[in-house]
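Oh and the sequence shown: position 18 is 1339 in this note's numbering, straight run, nothing missing.
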Amino acid sequence: MPNDTFRAECRAREEAARGQQADESACGTCRGNVANGKQVEHDGCARRTLLLEPPDMPSYDVLIDMDMAEREALPARFHVPVFDDLGKPNAWLCRVCWTEGVVTSWPCNTAMKHGAQVFTPIHDAELQHERQTRQLAELTEQVEQARRIAVALEQENARLTTEKAELDKVCDEVMRERDGLHDALDQFAQAVAPEDVIGEHSSGNNPWANALELVTPMVEVDKLRADNAELEKALGLNEAAVA
Ligand SMILES: [Zn+2]
Ligand SMILES: [Zn+2]
């Protein structure tokens, strides 16, 4: 029958392609075969299903204190099979459903009841992996952004520190100039009149203003000089005037 022929061809094709992936633990011969596009020589050297325990699997020290009911109540993901190759007969046992002297063959009650939740299908695992990769990329971007902000803040801080130093310098100069001006005005005031006439600096007294009031303007001085010369001439006291 044509249908039988078709099935036989399919089966032959698959069998020829089988065993072309080596397990991590494969021997050198089988690795060599696979590298050359051939099949592994030993069944045990072919790539197998990977059984990973969940990362939060309860430790032996925690399990030892639990009774069977507590163990059965543990989440389904912990009820994975382990192969006991020492017991007689060899058997698949539940990883968590055991007490001292008592073991439970797998699937245990919990693994039977919540079968779909024991293992993660590879498709879901890949989705989860993609999600984690995306989240990692997002977090990396956020960290990078935070680093850029930190660098910008550091630069701004350095700029402000420089600006402040410059302002301090200018402020010092202004204060020095002010002190110099103060000293010069004091000198001027003291040249005009002694301190007991113009007084000291206080909230009610300004010796500079007092000194200014005592100064005779140049126009008046010129007029006084002219008057004086006139007077001296009239009195014949000034030799220059006489000559
Ligand atoms: Zn091998
Ligand atoms: Zn179990």
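Beta carbons: idealized from backbone N, C-alpha and C, even for Gly.
Distance from the CA of C1492 to the CA of D1507, rounded to the nearest whole angstrom, comes to 22 Å. C1418 sits close to H1400, with the two beta carbons spaced by under 8 Å.
Taken in chain order, the unbroken stretches of beta strand (DSSP E) that lie wholly in the stretch 1411-1455 and span 3 residues or more are 1412-1420, 1423-1426.
When rounded, the separation of the alpha-carbon atoms in R1416 and A1356 is 36 Å.
Closer than 7 Å to some heavy atom of ligand 2: that describes the Cβ of H1400.
For S1346, DSSP records no beta bridge to any residue. Around V1403, the same chain offers L1414, R1416 as residues with beta carbons nearer than 6 Å, after the five sequence neighbours per side are excluded. Not one heavy atom of ligand 1 is found less than 7 Å from the C-beta of V1355. About 6 Å separates the beta carbon of A1347 from that of V1361, a gap short enough to meet the 8 Å contact definition. In chain order, the residues that have a beta carbon nearer than 6 Å to some heavy atom of ligand 1 are A1347, C1348, T1350, C1351, V1361, E1362, H1363, C1366. For ligand 2, a non-hydrogen atom lies closer than 7 Å to the CB of V1417. In this chain, the beta strand (DSSP E) harbouring P1402 covers 1402-1405. Looking at E1335, N1411, D1406, V1423, the one whose alpha-carbon comes closest to that of M1389 is V1423. Contact holds between the stretch 1535-1553 and the stretch 1512-1519, because three or more Cβ pairs, one in each stretch, are under 8 Å apart.
Look at N1526 here: in three-state DSSP terms it is strand. In this chain, the alpha helix (DSSP H) harbouring N1549 covers 1539-1556.
Counting C-beta atoms within 10 angstroms of its own C-beta, I1385 has fewer than 16 neighbours from the protein chains shown and is therefore classed as exposed.
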